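Peer 1:
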Amino acid sequence: MNLTSNLRNHVDSSLSIPVYEGSMLSIRSSSRILTATTNGIRYKSASSPQPRQPIETKWKFGKLDKKYECNYCNSYLKCPVQFQECRHRVCSSCFTNLIKKSQSCPTCDQTISREKVIVDNEFQKEIHNLPVYCSNNLNGCKWEGAFKAHMMHIEECEYTLIDCVRGCGLQYQRKDERMHIAKECLKNEIKCEFCNEQIVMADEANHLTVCPKFLVPCPSNCGIKDIPREKLTNHLENECKKHEVSCPFSDSNCGFKSLRSEMPKHLKESPGIHLNLMAKTISVQKKQLEILSELIEKQKEHIFALNSKVNSIEKQTSSQIIWKIDHFNEKYNESKSGKKSTIYSPPFLTSRHGYKLALSASLYGDGKAKGKFMSVFLCICKGEFDSLLSWPFSHKITLTLLDQCEDIQERRHVSYTIKPNTCKENTPFLGRPSGDRNASFGAQKFVELEVLNSYDYIKDDAIFIKVEIDSENMITL
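Printed below as a string of structure tokens:
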């Protein structure tokens, strides 16, 4: 039995990946090892990457003469140093380790001294001129030459194994780079033969486990083997003759199950049973609906009570103040005469630990609005919680002159909204106060004086100005 048919015989899930004769998956697999797993298949490259091995030096005359070897590291001498006492040599890097440990020659055990060591450059040249073959000669490279030229040759040798320049994880001989990139690189994009989606070759097996167009066999073994995965659920629920299904009256506690082809017989033989089950179900559901209705009414009452509490809390903690200006006519005349052009409200907080603000009003108008409009301004005062707050101040402010008409429905409040612009130029107004208070900003043309004297804005020689601060994005401490 071939590998393809063996995989077909072990399919037991819509997530398994059967391999079809002639499919692109089968064709690509012919140059790889196809390994069955519990989740389908995976590719294992026949030339899977190996860790880089140290470059082996192949001396032309076979084994290296002992006089060229370091008896400390058992390799050829690298930058040799010679002991004057015994004339033996070791690598310069080995000498550093040797002198720290034994302070004796590794060849004859004679005591050595750090001061009686010479760098043997002539011997190094002799080693460099030893003839060698390319380390890749068994792989086809015919190069041979002096040992000192070997490392330079290896960096260019067409037979040296190199890592894929695109990072797919495979290695190949340098001469095969073009072929690898064109045909073997796991980073290459391919088109899924089932759904035509462009995918990376390395992800092909994973893609096939979820591809909606991938053909899978019926898990109920009805004989149909080429069902698109996206249609498998419909096949099992509505078409498959060998799929076990529950009785349509299962919601009424009929526990009968059978193959789909046998279900019509059950329905034909059990109409009385099903009718009784339906009657019991309706009775139970009626009682459940009554209980649910009672519960809903209780929940409504609970929600109403919670809304009342929330509204109460909002009224107590919302960022607003109502400033009552009494003795209005006296203060208006003082403003008009210039005796006291501006009056101030008591400072207030936007919340328990919020910004400290204060209102000011020029009842006869300020600047160009004088004699035509009442002006209302707001300033930010130095507060004890300023270091914990966000600066510059950026919260929307609404100033409202309240109509005191006895008929609430007839009241015509006048509102003016300020959205602070937090640009650098407005720092003196909106930045964290460095003195007692910042410069004031607000509505120079808050309300016309003619309008002010209309309706019931002034009543009992007093007016009311409400300030609301938008606290939606305000820091809560």
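In this note's numbering, the protein residues as written are 1161 to 1637. Note that the Cβ used here is the ideal one computed from N, Cα and C, for glycine as well. Predicted model only: the values in this text are computed from it and were never measured.
1. What do you get for residue 1408, buried or exposed, if any count of 16 or more other CB atoms within 10 angstroms of its CB means buried?
2. In chain order, which alpha helix (DSSP H) runs of at least 4 residues are fully inside the segment 1255 to 1280?
3. For residue 1172, I'd like the list of residues in its chain whose CB is within less than 7 Å of its CB, leaving aside the five on either flank, ordered along the chain.
4. Three-state secondary structure (DSSP) at residue 1611?
5. Count the other CB atoms, across all protein chains shown, that sit within 10 Å of the CB of residue 1161; report buried if there are 16 or more and exposed otherwise.
6. Indicate whether residue 1537 and residue 1453 have their beta-carbon atoms separated by less than 7 Å.
7. Could you check whether the segment 1507 to 1527 touches the segment 1542 to 1552, counting it as contact only if at least three pairs of C-beta atoms, one from each stretch, sit closer than 8 Å?
8. So residue 1397 is in the beta strand (DSSP E); what residue range does that whole segment cover?
9. Which ranges would you report for the beta strand (DSSP E) in the segment 1377 to 1461 if only whole runs of at least 3 residues count?
10. To which residues of the same chain is residue 1573 closer than 6 Å at the C-beta, ignoring the five residues directly before and after it?
11. For residue 1289 and residue 1233, what's the separation of their Cα atoms in angstroms?
12. If you count every other CB in all the chains shown that lies within 10 Å of the CB of residue 1614, and 16 or more means buried, which is it?
13. To the nearest angstrom, how far is the alpha carbon of residue 1271 from that of residue 1296?
14. Alpha carbon to alpha carbon, how far is residue 1632 from residue 1539?
15. Contact defined as beta carbons within less than 8 Å: I believe residue 1301 pairs with residue 1319. What is the distance between those atoms, to the nearest angstrom?
16. What three-state label does DSSP hand residue 1628 in the structure shown?
17. Quick one: what's got a C-beta closer than 6 Å to residue 1565's C-beta in the same chain, skipping five residues either side?
18. Quick one: is residue 1439 buried, meaning 16 or more other Cβ sit within 10 Å of its Cβ, or exposed?
19. Jot down the residue ranges of each uninterrupted beta strand (DSSP E) in the segment 1310 to 1343, minimum 3 residues, whole runs only, in chain order.
20. Closest by CA to residue 1481, which one among 1441, 1467, 1518, 1298?
21. Using a Cβ distance threshold of 8 Å, determine whether the segment 1455 to 1474 contacts the segment 1489 to 1508, with at least three qualifying pairs required.
22. Taking its Cβ as the centre, do 16 or more other Cβ atoms sit within 10 Å of residue 1349, making it buried, or is it exposed?
23. Check whether the segment 1277 to 1285 touches the segment 1237 to 1246, taking contact to mean three or more Cβ pairs, one atom from each stretch, closer than 8 Å.
24. When the distance is taken between beta carbons, is residue 1230 closer than 7 Å to residue 1248?
25. What does a CB cutoff of less than 8 Å around residue 1257 pick up in its chain, not counting 5 residues either side in sequence?
26. Following the continuous beta strand (DSSP E) through residue 1349, name the residue where it begins and the one where it ends.
27. Report yes if the C-beta distance between residue 1405 and residue 1423 is below 7 Å; otherwise report no.
28. At the level of alpha carbons, what is the spacing between residue 1412 and residue 1385?
29. Quick check: residue 1347 and residue 1328, are their CB atoms within less than 7 Å of each other?
30. Just verifying my parser: in three-state terms, what is the DSSP assignment at residue 1534?
31. State yes or no: is the beta carbon of residue 1293 nearer than 7 Å to at least one beta carbon in chain C?
Peer 2: Result, derived from the coordinates:
1. Within the sequence shown, residue 1408 is the residue found at index 248, counting from 1. It counts as exposed.
2. none
3. Taking the sequence shown and counting its residues from 1, the one referred to as residue 1172 is at position 12. Interpretation of residue 1172 is limited by its pLDDT of 36, a score under 50 that renders its predicted location unreliable; the figure taken from the coordinates is listed afterwards. So the qualifying residues of the chain are 1379.
4. Stepping through the sequence shown from its first residue, residue 1611 is reached at position 451. Note: residue 1611 maps to helix in three-state DSSP.
5. If you number the sequence shown from 1, residue 1161 lands on position 1. The pLDDT assigned to residue 1161 is 33, lower than 50, so where the model puts this residue is not dependable, and the model offers no usable value.
6. Along the sequence shown, read from residue 1 onward, the residue named residue 1537 stands at position 377. Along the sequence shown, read from residue 1 onward, the residue named residue 1453 stands at position 293. Not in contact: residue 1537 and residue 1453 (Cβ atoms no closer than 7 Å).
7. yes
8. Within the sequence shown, the letter at position 237 stands for residue 1397. Per DSSP, residue 1397 belongs to no beta strand (DSSP E) and is neither H nor E.
9. 1404 to 1406, 1417 to 1419
10. Residue numbering aside, residue 1573 sits at position 413 when the sequence shown is read from its first letter. Once the five neighbours on either side are set aside, the close Cβ partners of residue 1573 are 1560, 1562, 1563.
11. By 1-based counting over the sequence shown, the position of residue 1289 is 129. By 1-based counting over the sequence shown, the position of residue 1233 is 73. Each residue's Cα considered, the two are about 21 Å apart.
12. Your numbering for residue 1614 matches position 454 in the sequence shown. Exposed: under 16 other Cβ atoms inside 10 Å.
13. On the sequence shown, position 111 is the one that residue 1271 refers to. On the sequence shown, position 136 is the one that residue 1296 refers to. Rounded to whole angstroms, residue 1271 to residue 1296 spans 41 Å at the Cα level.
14. Within the sequence shown, the letter at position 472 stands for residue 1632. Within the sequence shown, the letter at position 379 stands for residue 1539. C-alpha separation (whole angstroms): 20 Å.
15. Taking the first residue of the sequence shown as 1, we reach residue 1301 at position 141. Taking the first residue of the sequence shown as 1, we reach residue 1319 at position 159. Rounded, the Cβ-Cβ distance is 4 Å, consistent with contact.
16. Sequence index remark: in the sequence shown, residue 1628 carries index 468 (1-based). If DSSP states are grouped into helix, strand and coil, residue 1628 belongs with the strands.
17. Here residue 1565 refers to the residue found at position 405 of the sequence shown. Here the set comprises 1571, 1616.
18. As a first step, residue 1439 must be located in the sequence shown, where it is residue number 279. Counting Cβ neighbours within 10 Å, residue 1439 comes out exposed, since fewer than 16 surround it.
19. 1321 to 1323, 1331 to 1333
20. As a first step, residue 1481 must be located in the sequence shown, where it is residue number 321. Nearest of 1441, 1467, 1518, 1298 to residue 1481, Cα basis: 1518.
21. no
22. In the sequence shown, counting from the first residue as 1, residue 1349 sits at position 189. Per the 10 Å Cβ criterion, exposed.
23. yes
24. Residue mapping note: residue 1248 aligns to position 88 of the sequence shown, counting from 1. Residue mapping note: residue 1230 aligns to position 70 of the sequence shown, counting from 1. No, Cβ-Cβ distance for residue 1248 and residue 1230 is not below 7 Å.
25. The residue you call residue 1257 lines up with position 97 of the sequence shown. Within the same chain, residue 1257 has close Cβ partners 1232.
26. For this step, residue 1349 is matched to residue 189 along the sequence shown. Run containing residue 1349: 1349 to 1351, per the beta strand (DSSP E) assignment.
27. Translated into positions along the sequence shown, residue 1405 becomes position 245. Translated into positions along the sequence shown, residue 1423 becomes position 263. Result yes, Cβ atoms of residue 1405 and residue 1423 sit closer than 7 Å.
28. Start at 1 with the first residue of the sequence shown, and residue 1412 comes out as number 252. Start at 1 with the first residue of the sequence shown, and residue 1385 comes out as number 225. Each residue's alpha carbon lies about 35 Å from the other.
29. Position 187 of the sequence shown holds residue 1347. Position 168 of the sequence shown holds residue 1328. Yes.
30. Your numbering for residue 1534 matches position 374 in the sequence shown. Residue 1534 falls in the strand class under three-state DSSP.
31. The structure shown contains no chain C, having only a single protein chain.
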